[in-house]
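Number of protein chains: 2
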Amino acid sequence: MDAFAARGYNNASLAEIADRVGLTQAGVLHYFRSKSLLLTSVLELRDETDIEQLGTERPHGLEFLRHLVDTARRNAEREGIVRLYAVLSAESVTDDHPAQVYFRDRYAGLRAFVTDAVTEACGLDASDIRARTAANAVIAVMDGLQVQWLLEPGAVDMTASTGLVIDSILAGLRR
Amino acid sequence: MDAFAARGYNNASLAEIADRVGLTQAGVLHYFRSKSLLLTSVLELRDETDIEQLGTERPHGLEFLRHLVDTARRNAEREGIVRLYAVLSAESVTDDHPAQVYFRDRYAGLRAFVTDAVTEACGLDASDIRARTAANAVIAVMDGLQVQWLLEPGAVDMTASTGLVIDSILAGLRR
DNA sequence: GTCTATAGCTCGATAGAC
DNA sequence: GTCTATCGAGCTATAGAC
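Protein chains in written order, with our numbering: chain A, 12 to 186; chain B, 12 to 186.
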């Protein structure tokens with residue numbers, strides 16, 4: 012995780028990763044048959060631990076959207092994970108990137124979740140495309156803030172900007 | 012530009028770039044003394060042509076914010092440039108990336124511009140930090156949408172989501 | 001101004017000893 | 001299960017001919 016976060020997938024080397032875990036490069040490849048399999052394994056492990064941490068019940072509607080602001084707040088204390096996702100999600104749009112499918116699926120799932128939450132929180136009709144438009148924006152704000160924050164942490168308040176966008180959109184859609 | 016956009020800085024090779032311009036790899040290094048100098052030159056050239064295209068007068072206040080929505084609309088027709096910036100800005104947060112200074116400065120300038128525009132459009136006091144919070148969010152939305160759009164163009168309407176965020180924030184701050 | 005040639009790396013992956 | 005050794009490929013950068 013740390014190596015891919017610090018250097019991206021292409022520029023991280025198995026030798027460096029092997030060093031950090033006290034193995035040789037061939038030793039790492041004994042457990043993961045290729046570098047790209049190691050990457051996808053890291054991403055899946057990350058998902059599993061996140062899901063465990065979340066507990067059994069996922070919040071809905073307004074509560075879920077408030078939870079997103081909390082996530083932004085917590086992220087400011089977890090630079091490593093923020094960097095991992097910020098770097099890899101953008102790198103994944105390059106040609107033949109091994110995490111492309113992972114991120115496409117991940118965003119599709121996120122968009123569906125957040126769209127439902129907005130629909131519910133605003134009492135919209137399920138067919139109202141504005142919920143989808145809003146959801147995409149909310150996800151995008153959180154992602155975009157991370158890149159700015161990684162480059163210059165003091166210049167960005169991820170919690171405040173995320174909260175402002177969610178509150179403003181909700182106020183507008185409920186009117 | 013195309014090579015860095017398609018593969019990122021690290022994974023793009025001088026040999027590939029040389030091929031595309033009908034030179035050998037050594038030929039390219041005759042004009043740009045190193046790969047990293049080539050990257051920064053590409054980014055600077057991109058800025059120059061963008062500035063020329065903008066004309067003499069930069070719009071202010073509300074007009075500038077409307078102009079951002081137009082930019083999002085135009086970007087949907089310029090996948091190459093969108094990909095270049097989306098890939099490189101995120102890659103730039105990795106260790107010792109040659110474009111790190113460029114993007115730190117670029118975001119600092121953007122934040123200042125957009126903050127001024129929000130302050131003016133909403134008639135805020137110059138010391139009101141909400142303008143900065145809003146500006147960071149607006150920039151972040153545009154960036155974040157690009158990654159989603161590059162992964163799945165049909166799932167995202169960059170114009171609509173950008174417009175929704177700007178309109179919602181302005182409505183909230185003017186109240 | 002463009003080339004060939006090559007130095008000097010680093011990389012991922014495999015083979016096979018222990 | 002972990003290692004050493006090595007293959008084959010890729011890379012940037014430099015030297016020097018033309």
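Idealized CB from N, CA, C, for every residue including glycine. Predicted model only: the values in this text are computed from it and were never measured.
Where the alpha helix (DSSP H) through residue i begins and ends
| i | result |
| --- | --- |
| A/S138 | Where A/S138 is concerned, there is no enclosing alpha helix (DSSP H), given that its DSSP letter is neither H nor E. |
| B/V176 | M169 to R185 |
| B/A14 | D13 to N22 |
Three-state secondary structure (DSSP) of residue i
| i | result |
| --- | --- |
| B/L34 | coil |
| B/A87 | coil |
| A/R44 | coil |
| B/S103 | coil |
| B/H78 | helix |
| B/R115 | helix |
| A/R69 | coil |
| B/T110 | Looking at the sequence itself, residue 110 of chain B is Ala, so the reference to Thr does not match. Three-state DSSP puts B/A110 in coil, outside helix and strand. |
| B/E55 | helix |
| A/E163 | coil |
Neighbourhood of residue i by C-beta distance below 7 Å, restricted to the same chain and skipping five residues each side
| i | result |
| --- | --- |
| B/V98 | A16 and G19 |
| A/I28 | A14 and V39 |
| A/W160 | V167 and M169 |
| B/F43 | L49 and S52 |
| A/H71 | A128 and E131 |
Residues of its chain near residue i, where Cβ-Cβ distance is below 8 Å and the 5 sequence neighbours each way are ignored
| i | result |
| --- | --- |
| A/A148 | V176 and I180 |
| B/R57 | M12, I92 and L95 |
| A/R122 | R143, A146, N147 and I150 |
| A/R31 | D13 and A14 |
| B/N21 | E102 |
Contact belief for residue i with residue j at Cβ below 8 Å, rounded distance in angstroms
| i | j | result |
| --- | --- | --- |
| B/A87 | B/M153 | Incorrect: roughly 12 Å between the Cβ atoms, too far for contact. |
| B/A132 | B/L49 | With a Cβ gap of about 39 Å, B/A132 and B/L49 do not count as contacting. |
| B/A102 | A/A101 | It is Glu, not Ala, that sits at residue 102 of chain B in the sequence shown. That pair is a contact at about 7 Å. |
| A/A119 | A/V129 | 16 Å between Cβ atoms; not a contact. |
| B/Q36 | B/A26 | 5 Å |
| B/V104 | A/L162 | 6 Å |
| B/A14 | A/S172 | So it is not a contact: roughly 33 Å between Cβ atoms. |
| B/A110 | B/T60 | With 8 Å as the limit, B/A110 and B/T60 do not qualify as a contact, their Cβ atoms being about 18 Å apart. |
| B/G155 | A/G155 | 4 Å |
Residues of its chain near residue i, where Cβ-Cβ distance is below 6 Å and the 5 sequence neighbours each way are ignored
| i | result |
| --- | --- |
| B/V158 | A97 |
| B/Y113 | L54 |
| A/D168 | none |
| B/L135 | A142 |
| B/T170 | A83 and R84 |
| B/F75 | A128 |
Any non-hydrogen atom of the ligand GTP closer than 7 Å to residue i Cβ
| i | result |
| --- | --- |
| A/T144 | For the structure depicted, the ligand GTP is absent and the ligand set is empty, with no information on it obtainable. |
Contacting positions in the segment 94 to 110 of chain B - beta carbon closer than 8 Å to chain A: R94, A97, V98, S100, A101, E102, S103, V104, T105 and D106
For the segment 113 to 133 of chain A, which residues have a CB atom closer than 8 Å to at least one CB atom of chain B, in sequence order? F114, R115, Y118, A119 and R122
Residues, ordered as in the chain, of the segment 51 to 75 of chain A that lie near chain B by beta-carbon distance below 8 Å: none
Compile a chain-ordered list of the residues in the segment 165 to 178 of chain B whose CB is closer than 8 Å to at least one CB of chain A. A166, V167, D168, A171, S172, T173, L175, V176 and D178
Could you list the residues in the segment 18 to 32 of chain A with a C-beta less than 7 Å from some C-beta on chain B, going in chain order? R18, G19, N21 and N22
Determine which residues of the segment 32 to 50 of chain B have a Cβ less than 7 Å from any Cβ of chain A, and write them out in chain order. none
When Cβ atoms are compared, which residues of the segment 141 to 155 of chain A fall closer than 8 Å to chain B? Against chain B - using a Cβ distance shorter than 8 Å - the residues of the segment 141 to 155 of chain A are R141, T144, A145, N147, A148, I150, A151, V152, M153, D154 and G155.
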